[in-house]
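Its first residue numbered 74, the sequence shown is counted upward by one per residue in this note's numbering.
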Amino acid sequence: MAQTPIAVDKTAPAEFVLNVQSVGLTEEQFLRLCRDNPEINFELSAEGELIIMPPTGMITGNRNSRLTRRVDEWAEKDGTGVAFDSSTLFTLPNGAKRSPDASWIKRERLEALSEEEKQGFAPICPDFVVELPSPSDHLSTLQKKMDEYIENGARLGWLLDPIDRRVHIYRPGHEPEILDDPETISGEPVLTGFVLNLREMW
Numbered sequence: 074m075a076q077t078p079i080a081v082d083k084t085a086p087a088e089f090v091l092n093v094q095s096v097g098l099t100e101e102q103f104l105r106l107c108r109d110n111p112e113i114n115f116e117l118s119a120e121g122e123l124i125i126m127p128p129t130g131m132i133t134g135n136r137n138s139r140l141t142r143r144v145d146e147w148a149e150k151d152g153t154g155v156a157f158d159s160s161t162l163f164t165l166p167n168g169a170k171r172s173p174d175a176s177w178i179k180r181e182r183l184e185a186l187s188e189e190e191k192q193g194f195a196p197i198c199p200d201f202v203v204e205l206p207s208p209s210d211h212l213s214t215l216q217k218k219m220d221e222y223i224e225n226g227a228r229l230g231w232l233l234d235p236i237d238r239r240v241h242i243y244r245p246g247h248e249p250e251i252l253d254d255p256e257t258i259s260g261e262p263v264l265t266g267f268v269l270n271l272r273e274m275w
């Protein structure tokens with residue numbers, strides 16, 4: 074039985090960006106900042122900008138929950154990799170620390186990481202990333218973030234735009250492909266057999 078989306082959303086404030094480049098925020102300091110403020114979600118750009126992520130509204134939170142659940146259900150059945158939720162922070166090769174709304178990494182790449190690396194903000198870019206913006210997000214900012222994922226090793230990226238009902242598909246060596254109001258989207262060939270029903274996202 075299809076679930077009914079939540080009817081009302083409270084728009085969250087836009088993200089807050091603080092330039093900390095001249096301060097020289099170290100890995101240990103960033104980790105301490107995150108631990109001392111567990112109620113706040115942080116990202117760090119490759120340019121040394123500390124990004125304070127706002128909480129999501131009810132509709133966005135419900136969509137994120139469904140998205141994460143669908144990716145995780147597929148990953149458990151497929152068995153070739155591991156899925157992660159939006160609270161997982163990755164250290165990309167360019168030094169940025171990013172937390173996509175949903176992601177997946179092939180198991181053999183994870184096994185190459187040390188236990189210490191897995192405990193922290195692992196130095197790895199996911200094979201698959203999804204960003205699902207809230208009404209307060211700027212599409213251009215997320216498009217740049219998607220480009221960054223691909224440039225740092227992601228093999229497939231989806232930017233789901235529930236406002237305009239569009240999907241922006243990112244792949245290495247290709248311009249982003251835009252689909253207008255599709256009913257489903259396939260993760261092939263990166264995510265074998267994974268199909269996301271977008272009627273659950275809109």
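Glycine is no exception: its CB is placed at the ideal position from the N, C-alpha and C atoms.
Computed from a predicted structure; not experimentally measured.
May I ask you to report which of helix, strand or coil DSSP gives residue i?
i      : result
Ile258 : strand
Ser138 : helix
Ser160 : coil
Met274 : coil
Phe103 : helix
Ile113 : coil
Leu205 : coil
Ile197 : coil
Leu233 : strand
Asp210 : coil
Glu248 : coil
Glu224 : helix
Ala185 : coil
Asp253 : strand
Val93  : coil
Arg171 : strand
Arg239 : strand
Under 8 Å by Cβ, that's how I've got residue i and residue j pegged, so tell me the actual separation to the nearest angstrom.
i      : j      : result
Val90  : Glu122 : 5 Å
Leu117 : Lys170 : 4 Å
Trp275 : Pro235 : 5 Å
Leu215 : Glu224 : 15 Å between Cβ atoms; not a contact.
Which term fits residue i, buried or exposed, when burial requires 16 or more other beta carbons within 10 angstroms of its beta carbon?
i      : result
Asp109 : exposed
Arg180 : exposed
Pro262 : exposed
Gln76  : Any reading at Gln76 must be qualified, since the residue scores a pLDDT of 39, below 50, and its modelled position is unreliable; no value is offered.
Thr265 : exposed
Val96  : exposed
Glu112 : exposed
Glu146 : exposed
His247 : exposed
Glu221 : buried
When you compare the CB positions of residue i and residue j, do they come within less than 8 Å of one another, or not?
i      : j      : result
Glu232 : Met219 : Note on identity: in this sequence residue 232 is Leu, with Glu being the wrong assignment. Yes, Cβ-Cβ distance for Leu232 and Met219 is below 8 Å.
Leu271 : Glu250 : no
Ala148 : Trp177 : yes
Pro127 : Glu88  : yes
Arg105 : Leu269 : no
Ala175 : Leu212 : no
Ser207 : Gly130 : yes
Ala279 : Gly193 : Look at the range of the chain in this structure, 74 to 275, and you will see that residue 279 is not part of it.
Select from the options the residue whose C-alpha is nearest the C-alpha of residue i.
i      : options                        : result
Val240 : Ser259, Gly130, Leu264, Val93  : Ser259
Asn137 : Asn114, His211, Pro173, Phe103 : Pro173
Ala227 : Lys191, Arg238, Thr164, Met274 : Thr164
Asp210 : Asp145, Thr133, Asp253, Val202 : Thr133
Pro166 : Ile197, Ser160, Glu100         : Ile197
Asp158 : Phe201, Leu186, Lys150         : Phe201
Ser160 : Pro199, Asn114, Lys191, Leu183 : Asn114
Ile36  : Lys150, Glu190, Ile242, Leu162 : The requested residue 36 does not occur in the structure, where the chain is confined to residues 74 to 275.
Phe267 : Glu100, Val93, Lys150          : Lys150
Less than 7 Å between the CB of residue i and some heavy atom of the ligand HEM, yes or no?
i      : result
Asp145 : No copy of the ligand HEM occurs in the structure displayed, which carries no ligand at all.
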